[in-house]
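Heads up: the structure comes next, in structure tokens.
In the working numbering, the protein residues as written are 13 to 88.
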């Protein structure tokens with residue numbers, strides 16, 4: 013999980029699943045993961061982080077970035 017402005021000077025701000033659990037418990041009605049560097053780095057989305065997150069939250073999770081095929085969606 014990173015924080016930045018205009019996708020530059022990105023700063024690591026912690027674990028995705030841990031932060032998602034905090035937002036979920038605080039009353040968020042949906043969470044969104046957008047992997048802003050997956051396409052540039054030619055890699056798939058962060059499936060491990062997604063799986064760990066859905067085990068800890070009780071709200072819908074939308075995932076974007078690094079999804080280049082229907083098979084990639086099925087893998088999620």
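Each residue gets a CB set at the ideal place from its N, CA and C atoms; glycine is no exception.
For clarity, every value in this text was computed on a predicted model and none was experimentally measured.
Quiz item: Three-state secondary structure (DSSP) at residue 64?
Solution: helix
Quiz prompt | Pair within 9 angstroms by beta-carbon distance, residue 80 and residue 51 | solution = yes
Quiz item: Is it right to say residue 65 is buried, meaning 16 or more other beta carbons lie within 10 angstroms of its own, or is it exposed?
Solution: buried
Exercise. Locate the beta strand (DSSP E) running through residue 44, then write down its first and last residues.
Key: 43-46
Quiz item: Of the residues 61, 18, 86 and 76, which one's Cα is nearest the Cα of residue 26?
Solution: 61
Quiz item: Cβ of residue 75 within 9 angstroms of Cβ of residue 49?
Solution: no
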